[in-house]
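One structure is given below, encoded as C-alpha cells.
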Amino acid sequence: MKAYVIERAGGPEALQLRDIASPEPGADEVQIRVRAFGLNRAEVYLRAGKLGDIAAPRVPGIEAVGEVIHDPSGTFRIGQRVATAMGGLQFARNGSYAEQATVLRDNLIAVDGIDLPWEELAALPQAYLTVWGALDKRLGIGPGQTLLVRGATSSVGMAAVAYAKARGLKVIATTRSADNGLRLRDIGADEIVVDGGEIAGSVREIAPAGVDAALEVVGASTVRDTLKTLRPFGAVSVIGLLGGPPSLERLHLMLDLPGASALSFFPSGLLGTPALPLRDSPLAWIAGEIAARRMPSLRSETFEVDEVRRAHSVMEADRALGKLVVRV
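Just so it is clear: in the sequence shown, position 28 is 29 by the numbering used here, and no numbers are missing.
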C-alpha cells in the first residue's frame, strides 16, 4: 500500500510517500481502506521530532474514515463505513496517512447510512470524540448551562462550540482576533470574547455568577485566568496545550481555585480504552446532524493525497479556521 513515512525529524519534506506492507489484523483489530483522514497537531509534533526520537520509520496519523476490509471477529462487515481515532495510531501502530490501516476494534465506530462525503466525515472523529470525552464524561454538561470555550478557533475548540450549542448550552467563545467572531457565531457561539491574555473580567460581565463549565484549549498559560470565570462548583477541563508546556508553577489551592471548583486534564488517549469505550459515543449522531444541516460543517480545506506536505505547511502557519482533511 502507499503510505507517508517519516524516517527522520524535519519539516514537511520529511513526509515521504512510500510503498509499504499492509499489516494483517490481529484478533482485536480490523483492517480498513482509508478514504480520508483529518490532520492534527500530533502529526506535526511527530514529524518535527517533538514527540521523541524517530528510531524507526513511522507512519503518522491519529484518525481516519473508510471502509472495512477484514474483521476477524465478524463484528464489522466488509465494506461497512467506519470512523476511527487514537487506539495507538501513529504511536503503537502505523498511522492513518495510508491507503489502509489496521486499527483496534474498540476504536472503530460505524457511520454507515449517513449521507456525508468522506471528506466531511474525516473532519469529525478526533475533534468531536475529544470534545465528547471532556464535556460529557468529565464536565457533565447539560442543557441550559453556560460553557466557556477558551481557544475556540482551533479545530477542537470549534467542535466544542458546535457540539455544546447542539446540546442546548449557552456558549461563550474566545478568539485572539475579532475577525473570527462572525465564523464562531455561525457555528453556534452566543457570545464572543477577544482574548488578550486575561478574559475573566469580560466573561463575568456576560455571566456575573460565573460559567458552569470551561473547556481550556490554550492550556497552562491561561488556565488560572479561566478558573476565575467559574461559578462555585464549576469545573475546567484542559484538552489543549496551544499556549506552551503543560505545567503550572505555584498553584495556590485557595486563591487560584474558586470555591468547590474542579480542574482536570482530559487526554484523548483514553478514547476506546476500558475507561472510555466508544460504543455510546455520539459520533454517528453528530454526523447525522451535520448531514441534516442542523450542525455546521467545520471542514475548512480538503487536500489530495499528494498534497500532504502543503497541508502541513498550512496547519503550521495557522492559516486554517476549521479542520483540514486529506482525501485518499
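C-beta: ideal position from N, C-alpha, C; glycine also.
Values in this document were obtained by computation on a predicted structure and should not be read as measured data.
Length of the line joining the Cα atoms of residue i and residue j
| i | j | result |
| --- | --- | --- |
| aspartate 257 | alanine 263 | 11 angstroms |
| glutamate 317 | alanine 201 | 29 angstroms |
| serine 97 | leucine 16 | 13 angstroms |
| valine 212 | aspartate 187 | 22 angstroms |
| threonine 227 | arginine 205 | 11 angstroms |
| glycine 158 | histidine 313 | 19 angstroms |
| valine 162 | arginine 320 | 20 angstroms |
| alanine 285 | alanine 111 | 7 angstroms |
| arginine 310 | arginine 42 | 14 angstroms |
| proline 330 | valine 224 | The structure shown has nothing for residue 330, since the chain only spans 2 to 329. |
| glycine 62 | alanine 214 | 31 angstroms |
| tyrosine 164 | arginine 184 | 15 angstroms |
| arginine 94 | valine 219 | 29 angstroms |
| valine 329 | valine 306 | 5 angstroms |
| arginine 177 | isoleucine 207 | 18 angstroms |
| tyrosine 46 | leucine 18 | 18 angstroms |
| valine 60 | glycine 198 | 37 angstroms |
| arginine 251 | serine 301 | 39 angstroms |
| arginine 48 | glutamine 91 | 11 angstroms |
| aspartate 281 | methionine 296 | 20 angstroms |
| proline 26 | isoleucine 173 | 44 angstroms |
| proline 247 | alanine 179 | 27 angstroms |
| serine 269 | alanine 4 | 24 angstroms |
| glutamate 64 | glycine 75 | 22 angstroms |
Neighbourhood of residue i by C-beta distance below 6 angstroms, restricted to the same chain and skipping five residues each side
| i | result |
| --- | --- |
| proline 275 | none |
| proline 24 | Thr103 |
| alanine 123 | Ala37, Phe38, Gly39, Val66, Val326 |
| proline 58 | Val6, Glu8 |
| leucine 249 | Ala221 |
| serine 265 | Arg139, Ser238 |
| leucine 279 | Ile110, Gly273 |
| glycine 50 | Ala10 |
| serine 203 | Val194 |
Residues near residue i in its chain [Cβ-Cβ closer than 8 angstroms; skip 5 each side]
| i | result |
| --- | --- |
| threonine 175 | Leu149, Val150, Arg151, Gly152, Ala153, Ile193, Val194, Val195, Asp196, Ile200 |
| methionine 2 | Asp20, Ile21, Ala22, Ser23, Ala99, Glu100, Gln101 |
Residue closest to residue i, alpha-carbon to alpha-carbon, out of the options
| i | options | result |
| --- | --- | --- |
| aspartate 1 | Val157, Gly67, Pro73, Pro209 | For the chain, the structure presents residues 2 to 329; residue 1 sits outside this window and is missing. |
| arginine 294 | Ala167, Gly244, Gly158, Ala208 | Ala167 |
| lysine 171 | Pro283, Gly143, Met159, Ser178 | Gly143 |
| alanine 56 | Met87, Ala10, His71 | Ala10 |
| glutamate 44 | Leu18, Pro13, Glu121 | Pro13 |
| threonine 147 | Thr303, Ala4, Thr230, Gly62 | Thr230 |
| proline 126 | Leu140, Gly141, Asn95, Gly88 | Gly88 |
| leucine 140 | Ser282, Phe267, Asp281, Pro297 | Phe267 |
| phenylalanine 304 | Gly50, Val60, Glu121 | Glu121 |
CB contact flag (residue i, residue j, <8 angstroms)
| i | j | result |
| --- | --- | --- |
| alanine 216 | serine 238 | The sequence given here has leucine at residue 216, not alanine. Yes. |
| serine 156 | glycine 323 | yes |
| glycine 241 | alanine 221 | no |
| glycine 134 | leucine 277 | yes |
| glycine 145 | glycine 169 | yes |
| alanine 261 | proline 233 | yes |
| aspartate 137 | glycine 273 | no |
Neighbour flag for residue i against chain D, beta carbons, 8 angstroms
| i | result |
| --- | --- |
| arginine 295 | Of the chains in the structure shown, none is chain D; there is only one protein chain. |
Contact set for residue i: own chain, Cβ-Cβ below 7 angstroms, skip 5 residues either direction
| i | result |
| --- | --- |
| valine 69 | Val31, Ile33, Phe77, Arg78, Ile79, Gly80, Gln81, Val83 |
| leucine 109 | Val31, Phe77, Val83, Thr85 |
| alanine 160 | Ala128, Tyr129, Val132, Leu299 |
| glycine 235 | Gly211, Val212, Asp213, Ala214, Pro259, Ser262 |
| leucine 105 | Asp29, Glu30, Gly88, Gly89, Gly273 |
| proline 283 | Trp133 |
| aspartate 113 | Gln81, Arg82 |
| leucine 243 | Gly152, Ser155, Val218, Val219, Gly220 |
- Message: When you compare the segment 286 to 305 with the segment 114 to 122, are there three or more beta-carbon pairs, one atom per stretch, that lie closer than 8 angstroms?
- Response: Using a Cβ-Cβ distance cut-off of 8 angstroms, the segment 286 to 305 and the segment 114 to 122 are in contact, since at least three pairs of beta carbons, one from each stretch, lie closer than that value.
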